[in-house]
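Q: Taking this note's numbering, the leading residue of the sequence shown gets -14, the next gets one more, and so forth. Backbone N, C-alpha and C define an ideal beta-carbon position, used for all residues, glycine too. Sharing a structure below in structure tokens format, with a few things to ask.
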Amino acid sequence: MAKLAGFGVVGSGAMGSGIAQVGAQSGFPVTLFDISEAQLEKARSGMQKSLTKLEEKGVLKESAGDILKRLNLTTQLQGLKGCDFVVEAATENREIKFKLFRDLDTLLDPKAILCSNTSSISITEIAGQTKRPELVAGMHFMNPVPLMKLVEGIRGMATSDAC
């Protein structure tokens, strides 16, 4: 398996910030995108509290501060440009998700994998917004993401086995 150069998350609500936290805890540089600066700061604060609690319990392999250093927050979608794996966790709205996937498809390297944390929208429909439907899948995380070690993988009709 190829090494992950950049991990991106779209949406910094409960699910998106949890996904970003787990990515950073796993050692990946994470870029967290949201259109709201205030929401990003709320997410950073929540992750700091969560990581500090985990550190106090002796669960972490490194300090909360070191983990947070791997986190980059941005209000510019362009900030995800170097990511080769992006999980979308935006609001559950068909039009918003479709536009995001069209924009990500144009912005990212053609080999980048795109995933959605959707709970109700067809992965096949989401993948149809891109020129890479074979590299689009669903990753349905359970809440709270940092504590639940369960992720449901969802294929679209065109999702490749390699994805």
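I'd like the list of long-range same chain contacts for Ile20, defined as Cβ closer than 7 Å, with 5 residues on each side in sequence excluded.
A: Position 35 of the sequence shown, counted from the first residue, corresponds to residue 20. Closer than 7 Å at the Cβ level, and outside the excluded window around Ile20, lie Thr60.
Q: State the Cα-Cα distance for the pair Leu85 and Gly(-4), rounded to the nearest angstrom.
A: On the sequence shown, position 100 is the one that residue 85 refers to. On the sequence shown, position 11 is the one that residue -4 refers to. Taking the straight line from one Cα to the other gives about 11 Å.
Q: For Met127, count neighbouring C-beta atoms within 10 Å of its own C-beta (all shown protein chains included) and say buried if the count is 16 or more, exposed if not.
A: By one-based count along the sequence shown, residue 127 stands at place 142. Its Cβ having fewer than 16 others within 10 Å, Met127 is exposed.
Q: Under a Cβ-count criterion, where at least 16 other Cβ atoms within 10 Å of its own Cβ denotes burial, should Ile4 be classed as buried or exposed?
A: Within the sequence shown, the letter at position 19 stands for residue 4. Burial call: buried.
Q: Return the CA-CA distance between Val15 and Asn57, expressed in angstroms with no decimal places.
A: Here residue 15 corresponds to residue number 30 of the sequence shown, with the count starting at 1. Here residue 57 corresponds to residue number 72 of the sequence shown, with the count starting at 1. So the two alpha carbons sit approximately 6 Å from each other.
Q: Does the stretch 84 to 104 come within contact of the stretch 27 to 43, defined as at least 3 CB pairs closer than 8 Å?
A: Here the stretch 84 to 104 makes no contact with the stretch 27 to 43; the two share fewer than three CB pairs at distances below 8 Å.
Q: Hey, could you find the ends of the beta strand (DSSP E) Glu73 is sitting in?
A: Residue mapping note: residue 73 aligns to position 88 of the sequence shown, counting from 1. 70 to 73 is the extent of the beta strand (DSSP E) around Glu73.
Q: Beta-carbon separation of Asp94 and Asp69 under 8 Å?
A: Here residue 94 is taken as the residue at index 109 of the sequence shown, counted from 1. Here residue 69 is taken as the residue at index 84 of the sequence shown, counted from 1. Their beta carbons are under 8 Å apart, which means Asp94 touches Asp69 by this criterion.
Q: Report the three-state DSSP secondary structure of Ser(-3) (helix, strand or coil).
A: As a first step, residue -3 must be located in the sequence shown, where it is residue number 12. Of the three classes helix, strand and coil, the one that applies to Ser(-3) here is coil, per DSSP.
Q: What are the start and end residues of the beta strand (DSSP E) that includes Gly138?
A: Position 153 of the sequence shown, counted from the first residue, corresponds to residue 138. First-last of the beta strand (DSSP E) with Gly138: 136 to 140.
Q: Just the C-alpha distance for Gly123 and Ile139, rounded to the nearest angstrom, thanks.
A: Translated into positions along the sequence shown, residue 123 becomes position 138. Translated into positions along the sequence shown, residue 139 becomes position 154. Roughly 4 Å separates the two Cα atoms.
Q: Taking the continuous beta strand (DSSP E) assigned at Met124, which residues delimit it?
A: As a working mapping, residue 124 is identified with position 139 in the sequence shown. 121 to 126 is the span of the beta strand (DSSP E), which, as asked, contains Met124.
Q: Cα-Cα, which of Ile108, Asn102, Glu110, Gly141 is closest to Leu135?
A: Locating residue 135 in the sequence shown gives position 150, where the first residue counts as 1. That would be Asn102, whose Cα lies nearest to the Cα of Leu135.
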